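Numbering (my numbering), first residue to last: 5 to 95.
Scroll down for the structure; my scribbles are underneath it.
Laid out in structure tokens, this is it:
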């Protein structure tokens with residue numbers, strides 16, 4: 005079955021969900037609803053979901069331990085102590 009969202013043409017806008025019959029006639033099955041998101045959610049609920057589950061294939065990669073580079077951890081430089089500022093004295 006096919007489903008579409010139709011606007012009523014009034015202000016404020018309202019939406020209906022229509023279903024196509026075997027004769028090609030569209031009949032309302034939901035609405036009118038002022039929220040478009042509700043109409044979209046209703047269409048998503050009514051349409052059959054076509055989920056195709058693909059088999060999961062794991063690829064195993066052999067890692068050679070001989071050529072593996074060693075991780076180098078960077079060390080932080082020690083914090084430098086700032087010089088104390090001398091205040092100017094008047095003579």
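We treat Cβ as the ideally placed atom computed from N, Cα and C, and that holds for glycine.
As the structure is a prediction and not an experimental result, all values here were calculated from the model.
Handout entry: Proximity below 8 Å, CB of residue 21 to CB of residue 33
Key = yes
Handout entry: Which residues DSSP lists as bridging residue 31, in chain order
Key = The beta-bridge partner set that DSSP reports for residue 31 consists of 23.
Problem - Rounded separation between residue 27 and residue 5 - CA only - result: 12 Å
Handout entry: Extent of the continuous alpha helix (DSSP H) run through residue 46
Key = From DSSP, the alpha helix (DSSP H) with residue 46 extends over 40 to 50.
Practice task
Run the CB neighbour count on residue 46, radius 10 Å, all protein chains shown included, and call it buried at 16 or more, exposed below.
Solution key: buried
Exercise for the section: Put residue 16 into one of helix, strand or coil per three-state DSSP. Expected result: coil
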